Structure formats: structure tokens, C-alpha cells
Amino acid sequence: MLQVLPSYRDTRFASLIYGSNLSDVVITGHKGTINGQGKSWWAKYRNVGFKSIQRPMLIEIQSSENVQISNINLIDSPMWSIHPVYCRNVIIKGVKISNPVDSPNTDGINPDSCFNTLIEDCFVVSGNDCVGLKSGIDQNGIVVGRPIETLLIRRFSCIAPNGAGIAMGSEMSGGIKGVRMEDVTLHNTQSGSLPTSDV
Numbered sequence: 004m005l006q007v008l009p010s011y012r013d014t015r016f017a018s019l020i021y022g023s024n025l026s027d028v029v030i031t032g033h034k035g036t037i038n039g040q041g042k043s044w045w046a047k048y049r050n051v052g053f054k055s056i057q058r059p060m061l062i063e064i065q066s067s068e069n070v071q072i073s074n075i076n077l078i079d080s081p082m083w084s085i086h087p088v089y090c091r092n093v094i095i096k097g098v099k100i101s102n103p104v105d106s107p108n109t110d111g112i113n114p115d116s117c118f119n120t121l122i123e124d125c126f127v128v129s130g131n132d133c134v135g136l137k138s139g140i141d142q143n144g145i146v147v148g149r150p151i152e153t154l155l156i157r158r159f160s161c162i163a164p165n166g167a168g169i170a171m172g173s174e175m176s177g178g179i180k181g182v183r184m185e186d187v188t189l190h191n192t193q194s195g196s197l198p199t200s201d202v
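If you want my numbering, it's the 1-based position in the sequence shown plus 3.
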């Protein structure tokens, strides 16, 4: 089990791939596949008694700088697929994420209170949001006060019949500054963003 993040409130299981307080992190692999084996986690989540503890992310990098995740396929994440949190200088490029569209809360990419993030040339199939911009929840997020700031999403496409293409507004108590989207294609999503916009 991991400690509660400062801007959140829930205990959570450790991610399959996790790192904290690192520099120059590279996760890459010539289109190799990382399987999160999420089916058993989804079944536990659907049991009402398990919802008070967060399932693990597939990849979570915390309080780090110069992070690159590229050229890999991620499938069947227990919860969110990629979660950089409190990081600086993050590149997520050439990543394909595939989670069943009925899998619970299996977001694709959730940059969280990060500064200077690039998401490009990615394709996501998600059980919830394809990209979810985060900065903490409720009073915890307000007290920590770390916005997601300076983020570019380009050449991105996704499918999310049970969620948003690009979600802004959920778990955003720390704020959001300087987000740009270019050449974004959202297929069969409940909601989404304009193809080109600035926030």
C-alpha cells in the first residue's frame, strides 16, 4: 500500500510500474506490450465493499523530472493507465492504450499537478476518460495548490463511449493553466473538447 497523495484522500495500492523523486526516467519499448491484468481488479471494484481503496495505476511516476514514456502498448490497466503526478518535463509519445470500454474508471493518461507536459501521437481506448487533467481533489487539492500547467496535446485520437475524450473539471482543485490541443480526434465519446483550443 502507498501513502495518500497530499492532494488526495484515499489509500491506494502500489502501481505495477512506480517511481518517486527520480530524474531522467525513460519507459520505452519498440511497441512492446505491458499487460496490467486488470480483470481481477475490475471484479473486486464492482464489489461494493472494495470501493473505498483505490486500485493500482499501471504506470505512476511521482515528484520526478524529465520523464519520457514512449513507443509502448498498455492493455488492461487495473485503474488509470499512465499517472504522472507532481512531475516536471513529461513526454508521453507514441503510446497505444487499450482497455475494454466497459472496464471501470480505466482512464488512459492522467497528468496530475504536472508542469510542462507533452502528449503526442497517442491512441487510447478507455473505459472512462481518455485523457483526464488532474490537480487534486476537494480541500486537499486546494491546500496543496499545485495546478497542472503548460500542457500540449497533439495528434491524439481516442474511443471512450463511457467517458470524455479530454476531461477537464474532475479532481481539479489545484487549478489548470496553459493547456493547448491540436489535431485531436475523439470517436464515440460521451463528451469532449474542441479539436483546437486553448485554456
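Beta carbons are placed, not taken as given, at the ideal position from N, Cα and C, and that holds for glycine.
Please read these numbers as outputs of a predicted model, since none were measured by experiment.
Counting Cβ pairs closer than 8 Å, one from the stretch 167–179 and one from the stretch 140–155, do we hit at least three?
yes
Could you give the distance in angstroms between the alpha-carbon of Val147 and the alpha-carbon of Val70?
To locate residue 147, count along the sequence shown from 1; it is residue 144. To locate residue 70, count along the sequence shown from 1; it is residue 67. Approximately 22 Å, taken between the alpha carbons.
Less than 8 Å separating the beta-carbons of Val104 and Gly130?
Against the sequence shown, residue 104 aligns to sequence position 101. Against the sequence shown, residue 130 aligns to sequence position 127. Yes. Within cutoff.
In three-state DSSP terms, what is Ile85?
Mapped onto the sequence shown, residue 85 falls at position 82. Strand at Ile85.
Candidates Ile95, Leu77, Asp132 and Pro81: which alpha carbon is nearest Cys161's?
Taking the first residue of the sequence shown as position 1, residue 161 is located at position 158. For Cys161, the closest of Ile95, Leu77, Asp132 and Pro81 by C-alpha to C-alpha distance is Asp132.
So, with DSSP's three-state summary, where would you put Val147?
Here residue 147 refers to the residue found at position 144 of the sequence shown. Secondary structure at Val147: helix, using DSSP grouped into helix, strand and coil.
Do the CB positions of Ile72 and Gly39 come within less than 8 Å of each other?
Counting from one through the sequence shown, the residue named residue 72 turns up at place 69. Counting from one through the sequence shown, the residue named residue 39 turns up at place 36. No, the Cβ-Cβ distance between Ile72 and Gly39 is not below 8 Å.
With DSSP run on the structure shown, which of helix, strand or coil describes Asp141?
Translated into the one-based positions of the sequence shown, residue 141 becomes position 138. Correct three-state label for Asp141: helix.
Does the beta-carbon of Pro59 have 16 or more other beta-carbons within 10 angstroms, so that it is buried, or is it exposed?
Counted from its first residue, the sequence shown places residue 59 at position 56. The residue in question, Pro59, is buried, as its Cβ has 16 or more Cβ neighbours within 10 Å.
Taking only three categories from DSSP, how would you classify Val104?
As a first step, residue 104 is located in the sequence shown; it is residue number 101 there, counting from the start. In the structure shown, Val104 sits in coil (DSSP, three-state: anything other than H, G, I, E or B).
How far does the beta strand (DSSP E) with Arg91 in it extend, from its first residue to its last?
Here residue 91 refers to the residue found at position 88 when the sequence shown is read from its first residue. Per DSSP, Arg91 belongs to the beta strand (DSSP E) from Arg91 to Lys96.
Hey, how far is the Cα of Asp201 from the Cα of Tyr89?
As a working mapping, residue 201 is identified with position 198 in the sequence shown. As a working mapping, residue 89 is identified with position 86 in the sequence shown. In this prediction, Asp201 has a pLDDT of 40, which is less than 50 and means its spatial position is unreliable; nothing more can be read from the coordinates.
Going straight from the alpha carbon of Lys96 to that of Asn50, what length do you get?
Residue mapping note: residue 96 aligns to position 93 of the sequence shown, counting from 1. Residue mapping note: residue 50 aligns to position 47 of the sequence shown, counting from 1. Answer to the nearest angstrom: the Cα atoms are 35 Å apart.
With Leu226 and Ile85 assumed to form a contact (beta carbons below 8 Å), what rounded beta-carbon distance in angstroms separates them?
Missing from the structure shown is residue 226; the chain here goes from 4 to 202 and no further.
May I ask you to report which of helix, strand or coil DSSP gives Val51?
Numbered from 1 along the sequence shown, position 48 holds the residue referred to as residue 51. Three-state result, Val51: helix.
Starting from the C-beta of Ser101, find all residues in its chain whose C-beta is less than 6 Å away, skip the five residues before and the five after it, and write them out in chain order.
Within the sequence shown, residue 101 is the residue found at index 98, counting from 1. Closer than 6 Å at the Cβ level, and outside the excluded window around Ser101, lie Ile78 and Val128.
To which residues does DSSP link Gln65 through a beta bridge?
As a working note, residue 65 is residue 62 in the sequence shown. Gln65 is bridged to Ser23 and Val88.
What number of angstroms, rounded off, separates the C-alpha of Asp124 from the C-alpha of Val7?
Residue 124 sits at position 121 when you count from the first residue of the sequence shown. Residue 7 sits at position 4 when you count from the first residue of the sequence shown. Cα to Cα, Asp124 sits roughly 32 Å from Val7.
Whose C-beta lies closer than 6 Å to the C-beta of Trp83 among residues of the same chain, with five residues either side of it excluded?
Counted from its first residue, the sequence shown places residue 83 at position 80. Contacts found: Met60, Asp110 and Asn113.
If you drop the 5 nearest sequence neighbours on each side, which residues of the same chain put their C-beta closer than 6 Å to that of Gly41?
Locating residue 41 in the sequence shown gives position 38, where the first residue counts as 1. These residues qualify, in order along the chain: Asp79, Ser80 and Pro81.
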